[in-house]
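**Q** Take the sequence shown: its letters are residues 143 to 687, numbered as in the numbering used here.
Can you read through this structure? Questions will come right after.
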Amino acid sequence: EKVLDHIKNGIDINTANQNGLNGLHLASKEGHVKMVLELLHNGIDLEKTTKKGNTALHIAALAGQDKVVAELVNCGANVNAQSQKGFSPLYMAAQENHLEVVKFLLENGANQSLPTEDGFTPLAVALQQGHENVVALLINYGTKGKVHLPALHIAARNDDTRTAAVLLQNDPNPDVLSKTGFTPLHIAAHYENLSVAQLLINRGADVNFTPKNGITPLHIAARRGNVIMVRLLLDRGAQIDARTKDELTPLHCAARNGHVRVIEILLDQGAPIQAKTKNGLSPIHMAAQGDHVDCVRQLLQYNANIDDITLDHLTPLHVATHCGHHRMASVLLEKGAKANARALNGFTPLHIACKKNHMNSMDLLLKHSASLEAVTESGLTPLHVAAFMGHLKIVKSLLQKGASPNASNVKVETPLHMAARAGHCEVAQFLLQNSAQADAKAKDDQTPLHCAARMGHKEMVNLLLDHNSNPDSATTAGHTPLHIAAREGHTQTIRILLDGNAQQTKMTKAGPLLPFLPLLFYVFLYPLCLSVALLSLTFFVLFGL
Numbered sequence: 143e144k145v146l147d148h149i150k151n152g153i154d155i156n157t158a159n160q161n162g163l164n165g166l167h168l169a170s171k172e173g174h175v176k177m178v179l180e181l182l183h184n185g186i187d188l189e190k191t192t193k194k195g196n197t198a199l200h201i202a203a204l205a206g207q208d209k210v211v212a213e214l215v216n217c218g219a220n221v222n223a224q225s226q227k228g229f230s231p232l233y234m235a236a237q238e239n240h241l242e243v244v245k246f247l248l249e250n251g252a253n254q255s256l257p258t259e260d261g262f263t264p265l266a267v268a269l270q271q272g273h274e275n276v277v278a279l280l281i282n283y284g285t286k287g288k289v290h291l292p293a294l295h296i297a298a299r300n301d302d303t304r305t306a307a308v309l310l311q312n313d314p315n316p317d318v319l320s321k322t323g324f325t326p327l328h329i330a331a332h333y334e335n336l337s338v339a340q341l342l343i344n345r346g347a348d349v350n351f352t353p354k355n356g357i358t359p360l361h362i363a364a365r366r367g368n369v370i371m372v373r374l375l376l377d378r379g380a381q382i383d384a385r386t387k388d389e390l391t392p393l394h395c396a397a398r399n400g401h402v403r404v405i406e407i408l409l410d411q412g413a414p415i416q417a418k419t420k421n422g423l424s425p426i427h428m429a430a431q432g433d434h435v436d437c438v439r440q441l442l443q444y445n446a447n448i449d450d451i452t453l454d455h456l457t458p459l460h461v462a463t464h465c466g467h468h469r470m471a472s473v474l475l476e477k478g479a480k481a482n483a484r485a486l487n488g489f490t491p492l493h494i495a496c497k498k499n500h501m502n503s504m505d506l507l508l509k510h511s512a513s514l515e516a517v518t519e520s521g522l523t524p525l526h527v528a529a530f531m532g533h534l535k536i537v538k539s540l541l542q543k544g545a546s547p548n549a550s551n552v553k554v555e556t557p558l559h560m561a562a563r564a565g566h567c568e569v570a571q572f573l574l575q576n577s578a579q580a581d582a583k584a585k586d587d588q589t590p591l592h593c594a595a596r597m598g599h600k601e602m603v604n605l606l607l608d609h610n611s612n613p614d615s616a617t618t619a620g621h622t623p624l625h626i627a628a629r630e631g632h633t634q635t636i637r638i639l640l641d642g643n644a645q646q647t648k649m650t651k652a653g654p655l656l657p658f659l660p661l662l663f664y665v666f667l668y669p670l671c672l673s674v675a676l677l678s679l680t681f682f683v684l685f686g687l
């Protein structure tokens, strides 16, 4: 409702943030249909793109907001718009397994032949991600929609060897490409149609045919977990270390989808166990991400590095903890994974458990000697992270286990500073009850009260004042919480601070509070003239008047 009021008051609805996201983009992402329609009614640019080239339709499709997608398309959004990297709305929906959005876009003219700059079509990304229903929909639509599958592909899908044989007599090319970039052997591998796959290979199909996206039939068979198909392809010369554009090997595909038997076959045939994707993920990372405990055990038996790291120095334990896979984390720790492994930003698995609010994972890590005092590159302890995120149960548990309530980061901020900035009153209350210093000073002498005043967190300001936080505490520049609240225009916070005996004429190093007095005057004597008060503040901040 506040946003609608801003629109009615004439605010520029095309205003965007540093990433190029405007109100329509954000409303589309969150599925706010009423807001989307209101913005469109008021003339917002339907095809305005972000810095990455995404339209509102891209964003809605990626988020699976089918109602918003429908409204945008009905209003004329380009269903085949491509971002800077060539992503279409259909590609994004297919990537995230949003079946209804994929169906709607296809029915409204989306072209599934449009490739990304890496050569991935919607079908290719759905195949790689293992989204079976989306794959089936795209292939089926290809037989009746605008993107017609060649007859040999249809025969491969149906395991129709007779038709395939006849077609190959008329056109001996078994590697005919569909518009989506795949050969009949790719289709046969996906549908696990062994008979037609054997026929195609016998007629000369290239088992290592690599379209622009790099996905080979072996990648598909490994992802599907079809042992017989994998053996057939390997026996006929399939490249065991073939890589997609994202550097995925068949072993990555099998590990991500939990196919223990295929993993064993590939490793016995010499698959590279430490192969890395573009992001540095090895097969054991993939198995940990998918919560495939048996696959991790299998990989470890073949001497996979249990503490292997990605480009961001994330170990499989980091990944399992992030995903909340408690059993997986337990197995990794039992097998010797480092509980205090540090990512590139300094985050340990315990930091991640606290950030994601995974209580069981946190308890498990602490039982395996995870450090309560481990710090990130910016000096954050797990308690800092939990306090900022507002995870009260995690905060309580960390304090009960001995975490310091007054630990400081590189800016000398305590967990209470973090809770105050984020407005988490229950967390702040518990910290204060457990020896957190209400007036702890950060590097610039900011207290938690300064943080709360800056953000306009009224309840937090009240709470801190109730715990005897000094309303006149000054930063190194001489700013009190009242100066900051006035500068930010938080009128209710100003009232609370004044009720808490904050001095109205406290001097800053640049001078007194006097320039802010017009704001205070209007706040208390003329509530209806608040806009004039804010105007006075604006002139002071901008021009020193």
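Quick reminder that beta carbons are idealized off the backbone N, C-alpha and C, glycines included.
Bear in mind the structure is a predicted one, so any value in this text is a computation, not a measurement.
Jot down the residue ranges of each uninterrupted alpha helix (DSSP H) in the segment 524 to 600, minimum 4 residues, whole runs only, in chain order.
**A** Within the segment 524 to 600, the complete alpha helix (DSSP H) runs of at least 4 residues are 524 to 531, 534 to 542, 557 to 564, 567 to 575, 590 to 597.
**Q** Run the CB neighbour count on V308, radius 10 Å, all protein chains shown included, and call it buried at 16 or more, exposed below.
**A** By the 10 Å Cβ count, V308 comes out exposed.
**Q** Hey, which unbroken runs of the alpha helix (DSSP H) at 4 residues or more fall wholly within the segment 255 to 281?
**A** Counting only runs of 4 or more, we get 264 to 271.
**Q** Considering only residues of the segment 171 to 249, which uninterrupted alpha helix (DSSP H) runs meet the minimum length of 4 residues and lie entirely inside it, listed in chain order?
**A** Correct list: 175 to 183, 198 to 205, 208 to 216, 231 to 237, 241 to 249.
**Q** Would you say the segment 544 to 553 touches the segment 513 to 523, given that touching needs at least three Cβ pairs under 8 Å?
**A** Counting Cβ pairs under 8 Å, three or more are found: they touch.
**Q** Which partner residues does N164 have in the DSSP bridge list?
**A** Its beta-bridge partners are A158.
**Q** Where does H468 fall in DSSP's three states?
**A** If DSSP states are grouped into helix, strand and coil, H468 belongs with the helices.
**Q** Take the Cβ of A628 as the centre, count every other Cβ of all protein chains shown within 10 Å, and call the residue buried at 16 or more, exposed below.
**A** A628 is buried by the Cβ-count criterion.
**Q** Would you decide whether H621 is buried or exposed? Buried here means 16 or more other CB atoms lie within 10 Å of its CB.
**A** Flag for H621 reads buried.
**Q** Classify T258: buried if its beta carbon has 16 or more other beta carbons within 10 angstroms, exposed otherwise.
**A** T258 is buried by the Cβ-count criterion.
**Q** Buried or exposed, going by whether 16 or more other CB atoms sit within 10 Å of the CB of I201?
**A** Per the 10 Å Cβ criterion, buried.
**Q** Between L247 and L232, how many whole angstroms is the CB-CB distance? I'm expecting something under 8 Å.
**A** Yes, L247 and L232 are in contact; Cβ-Cβ is about 5 Å, under 8 Å.
**Q** Between which residues of its own chain and H167 is the CB-CB distance below 7 Å, once the five residues before and five after are set aside?
**A** Closer than 7 Å at Cβ, skipping near neighbours: T192, A198, I201.
**Q** With a Cβ-Cβ cutoff of 8 Å, do A364 and P326 count as a contact?
**A** No; because the gap between Cβ atoms is not below 8 Å, this pair is not in contact.
**Q** By the DSSP assignment, the alpha helix (DSSP H) with I296 in it spans what residues?
**A** 293 to 299 is the extent of the alpha helix (DSSP H) around I296.
**Q** Return the first residue and the last residue of the alpha helix (DSSP H) that V372 is part of.
**A** It spans 369 to 377 - the alpha helix (DSSP H) in which V372 sits, taken as one unbroken run.
**Q** List the endpoints of the continuous alpha helix (DSSP H) containing Q440.
**A** Here the alpha helix (DSSP H) through Q440 covers 435 to 443.
**Q** Using only the alpha-carbon positions, how far apart do V318 and H328 sit?
**A** So the alpha carbons of these two residues sit roughly 11 Å apart.
**Q** Leaving aside the five residues before and after A446 along the sequence, list all residues of the same chain whose C-beta is less than 6 Å from its C-beta, in chain order.
**A** Correct list, in chain order: I415, I426.
**Q** Which of the three DSSP states is assigned to I494 in this structure?
**A** Three-state result, I494: helix.
**Q** Pick out whichever of Q237, H295, N253 has its Cα sitting closest to the Cα of H273.
**A** Minimum Cα distance to H273 is reached at Q237.
**Q** Taking the alpha carbon of L279 as the reference point, which residue from H240, D260, A298 has its own alpha carbon closest?
**A** Measuring from the Cα of L279, the nearest candidate turns out to be H240.
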